[in-house]
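The opening residue of the sequence shown carries number 7 in the working numbering; numbering runs sequentially from there.
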Amino acid sequence: MQIIRTIVWVVITAILVGFIAMNWKVVPVRFWPLANDDFLHFDWPVGVIALVFFLLGLVPMWLLAKAARWRMNRQINALQNANRASMTATSLGSTPLTADNSDLTGAP
7 MQIIRTIVWV VITAILVGFI AMNWKVVPVR FWPLANDDFL HFDWPVGVIA
57 LVFFLLGLVP MWLLAKAARW RMNRQINALQ NANRASMTAT SLGSTPLTAD
107 NSDLTGAP
């Protein structure tokens with residue numbers, strides 16, 4: 007599974023680097039309208055814009071995935087602890103099975 011993840015990230019990185027290299031033209035980017043009918047804008051290369059917005063989409067999803075994994079690990083640990091506690095409680099309350107128990111072997 008790790009090799010597939012690595013291959014996917016290498017492909018995504020190669021595509022992004024290729025896009026940035028082919029589109030290194032500076033363009034104005036309008037961010038916010040101002041009061042005088044003008045826009046707050048920056049002159050950025052297209053590749054940088056693509057990288058910024060790629061990261062703006064990636065980071066929240068990555069954080070959600072990390073939070074979900076953390077929550078699932080907590081639930082798994084809680085269930086394992088509850089299972090251990092119930093196994094300990096049942097083993098303390100029961101009698102051990104031995105060969106000399108006459109009621110278990112069927113002999114009088």
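The beta carbon of each residue, even a glycine, is placed where N, CA and C say it ideally should be.
Contact between H47 and P34 holds, with the beta-carbon distance rounding to 5 Å and staying under 8 Å.
Annotation note: the segment 55–97 contains no uninterrupted alpha helix (DSSP H) run of length 4 or greater. Here the alpha carbon of V58 sits roughly 28 Å from the alpha carbon of N42. Restricting attention to M28, Q81 and L22, the CA atom closest to the CA of L61 is found in L22. For L40, the three-state secondary structure derived from DSSP is coil. The residue from P66, R80, F37 and M67 with its alpha-carbon nearest to that of I55 is F37.
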